[in-house]
Amino acid sequence: MTPEIEPQAAEQPPLLSVRDLQVSFGRSRPVVHEISFDIGPTSRLGLIGESGSGKSLTALAIMGLLPDNARASGSVAFGGREILHLADAQLARIRGNRLGMVFQEPMSALDPTMRVGRQVAEVVRLHQNFSRPGSASARQLVLQMLTAVDLAEPERVANSYPHQLSGGQRQRIVLAMALINSPDLLICDEPTTALDVTVQARVLAVLDAALERERSACLFISHDLAVVAQVCSDVLVMLDGTIVDSGPVGQVFGAPQHPYTAGLVATSRLDSVRPGERLPTVEDFYLRNRTGS
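Sequential numbering from 3 applies to the sequence shown in my numbering.
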């Protein structure tokens, strides 16, 4: 008698599917060259690489925020819908709602002339059924979110202007704005780079708790391997506009396949270098790869 085989659960389709994405400026060589990757619902994917590798342009292409002189081709499907060439009005209904983004410098996302509470409420009003950003119901939701991102005295913070708050507080406000509509996907572009180590740890803890609470997926862009290992389960390594390594964080950082990744891992462990010993460089690993040593 043939044993009965239990049916396998259908694999969940990706929330974000990027295929052959290319970004170029004029006739110059593409700065992002035909990259492809998926992000599943609630999953967290890190994107690492040096400055100029194409990380931020990848995020801007997904968000539909590339500068006017940039040209993008390929496919970006979000929730099964192609969004790479959507009209601005259609993208505006997705951005800040199902798709959120946190930038490296919070002041670039905040209006210095408007109180913080009103700015957060404006994001709610654009995508939810609130008649005015200052209404009592919108205000209550804003205060709840400011509390959720670990801001003490939410009333005082809501009544403050951005310049009256610290860098760590401003970054948590931007995080609150990105999360207040419970997005399916949050893109974080170097969100803690400008913060000191103590504040960075606090912001990352808030981010982790918020992603768990909202069950949001995350694309986390950074050059800091330790931070990516803390936040993400999988990682892509980007160099000169292409993906050179990918896989689970432990696998990629533990047994890197590309010499660039091996160099990044080694140079992130400089505390293990003995006094008087030459510091490793990424170029060392290209040399070892060529010589086979």
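Backbone N, C-alpha and C define an ideal beta-carbon position, used for all residues, glycine too.
The region 185 to 197 makes no contact with the region 137 to 147; the number of CB pairs closer than 8 angstroms stays below 3. If you keep only unbroken beta strand (DSSP E) runs of at least 3 residues inside the region 145 to 213, you get 187 to 191.
About 10 angstroms separates the beta carbons of leucine 187 and alanine 180, which is beyond the 8 angstroms limit, so they are not a contact pair. Of the other Cβ atoms in all chains shown, fewer than 16 fall within 10 Å of the Cβ of proline 250; this residue is therefore exposed. For a cut-off of 8 angstroms, the C-beta gap from valine 267 to proline 258 is around 6 angstroms, short enough to register as a contact. A check of alpha carbon separations from glutamate 52 across Leu209, Glu192, Val208 identifies Glu192 as the nearest. Put simply, the backbone Cα of isoleucine 37 is about 44 angstroms away from that of asparagine 161. Boundaries of the alpha helix (DSSP H) around phenylalanine 255: 251 to 256. Counting only unbroken stretches of 4 or more residues, the alpha helix (DSSP H) elements lying wholly within the region 210 to 239 are 227 to 233, in sequence order.
Secondary structure within the region 61 to 146: the alpha helix (DSSP H) runs of 4 or more consecutive residues, fully enclosed, are 90 to 96, 118 to 129 (chain order). Straight across, the Cα-Cα distance linking valine 125 with glutamate 285 is about 46 angstroms. Leaving aside the five residues that flank proline 108 on each side, the residues in its chain whose CB is nearer than 8 angstroms to its CB run, in chain order, Pro164, Gly169, Arg172, Gln173, Ile175, Val176.
Apart from sequence neighbours up to five positions away, the residues of its chain that approach leucine 112 with a beta-carbon distance below 8 angstroms are Val118, Gln121, Pro164, Arg172, Ile175, Val176, ordered along the chain.
Leucine 221 and glutamate 157 have their C-alpha atoms roughly 31 angstroms apart. A Cβ-Cβ contact shorter than 8 angstroms links valine 34 with leucine 59.
About 4 angstroms separates the Cβ atoms of glycine 48 and valine 230, confirming a contact at the 8 angstroms cut-off. Cβ-Cβ distances below 8 angstroms link proline 114 to Tyr163, Pro164, His165 in the same chain, with the five nearest sequence neighbours on each side left out; the list follows chain order. Counting every other CB atom within 10 Å of its CB across the protein chains shown gives arginine 97 a total of 16 or more, marking it as buried. Aspartate 22 is classed as exposed because its beta carbon has fewer than 16 other beta carbons within 10 Å across all chains shown. Judged by beta-carbon spacing, valine 233 lies beyond the 8 angstroms limit of valine 254, meaning their Cβ atoms are not closer than that value. For valine 20, the enclosing beta strand (DSSP E) covers residues 18 to 27. DSSP places glycine 243 in no beta strand (DSSP E); its state is neither H nor E. Arginine 29 sits exposed, since fewer than 16 C-beta atoms from the chains shown fall within 10 Å of its C-beta.
Counting of Cβ neighbours within 10 angstroms places aspartate 247 among the buried residues, the total reaching 16 or more. Between glycine 56 and glycine 243, the gap from beta carbon to beta carbon is short of 8 angstroms.
CA-CA distance, glycine 265 to aspartate 226, rounds to 13 angstroms. Looking only at Ser224, Leu68, Arg204, the smallest Cα-Cα distance to leucine 153 is reached by Arg204. Here leucine 213 is buried: its Cβ has 16 or more other Cβ atoms, across all protein chains shown, within 10 Å. The continuous stretches of alpha helix (DSSP H) do not include glycine 54, and DSSP gives it neither H nor E.
The three-state reading of DSSP puts valine 34 in strand, counting E and B together.
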